[in-house]
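Numbered per full-length UniProt numbering, the sequence shown spans residues 1 to 199.
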Amino acid sequence: MLLGIVVVVSMIAPFAALLAPIGNTDYGAHVESDGFAGTGLLVIALLCFAAGSIAQVWLLSHWWRAGRHHDSMWVASSAVALGSSVFGLWWFAQFLSRASYLLLLPVLLVTGLIGAVVLYAQRTMTVKSEGGLLRAKGEARAARLRALPAEEQQALLAERRQIVDVLVERELVDEAMAQRVLEMPLGEWWTLREESSTG
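What follows is the structure, encoded as structure tokens:
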């Protein structure tokens, strides 16, 4: 659910900021209208683009840790963040004072840059084959487990031994396989599945 919320925010927030001034026909932003103007518009734009950039950073991190698989929704969210930022460079200059625009400009540039980086990464570093995806996910999970505190790693290894002992008792694995599994580094069980799929 959290992933869905983040993706929706990353897609909608920057674009929503572009809609904020609609209805405000005074480019000097000095009259009341149905759209946001002046300080209100600046605050809305800052919040929306900041939320969009944070969501893109989270998306990149999650995408990498999840195995770098292709997801059209994620690609679209990065494209929207980039496109909204580029268009916003011109758009908000029409509605904000120079001082307000200069405050917003760095946020627009950062959001656009992050969106471009995430989009480029998803277009060039996506794992496409099933075997490659399995390996990428396995390696990412192994890295997370090895980053745990030593006490937690020892607890996981003890739990692994208990599981293997049960499998041996029920004759679901032989002693040789059990020994091999117990000697594996933490987080490397996925290699057994990879071997079975290639074997």
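In this text, a Cβ means the ideal position worked out from N, Cα and C, and glycines have one as well.
None of the values given here were measured: they were computed from a predicted structure.
Secondary structure in the segment 61-125: the alpha helix (DSSP H) runs of 4 residues or longer, each lying completely within the stretch, are 72-91, 98-124 in chain order.
If you check the CB distance, Val80 and Pro21 do not come in under 8 Å. Counting C-beta atoms within 10 angstroms of its own C-beta, Met73 has fewer than 16 neighbours from the protein chains shown and is therefore classed as exposed.
Leaving aside the five residues that flank Ser53 on each side, the residues in its chain whose CB is nearer than 6 Å to its CB run, in chain order, Val110, Thr111, Ile114. Judged by DSSP secondary structure, Arg170 falls outside any alpha helix (DSSP H); it is assigned neither H nor E.
In the structure shown, Pro21 falls within a coil segment according to DSSP collapsed to helix, strand and coil.
The C-alpha of Phe95 lies about 9 Å from the C-alpha of Leu42. Contact between Leu89 and Ser10 does not hold, since their C-beta atoms are separated by about 19 Å, which reaches or exceeds 8 Å.
Assigned with DSSP and collapsed to three states, Ala147 falls in coil, not helix or strand. Taking C-beta separations shorter than 8 Å and ignoring five residues to either side along the sequence, the partners of Leu105 in its chain run Leu89, following chain order. Excluding the 5 residues flanking it on each side, Arg123 has same chain C-beta neighbours closer than 8 Å at Val75, in chain order.
Taking Val164 as the centre and dropping the five residues before and after it, the same chain places the C-beta of Val173, Ala178, Val181, Leu182 closer than 8 Å to its C-beta, in chain order. Met11 sits in a helix when the DSSP states are folded into three classes.
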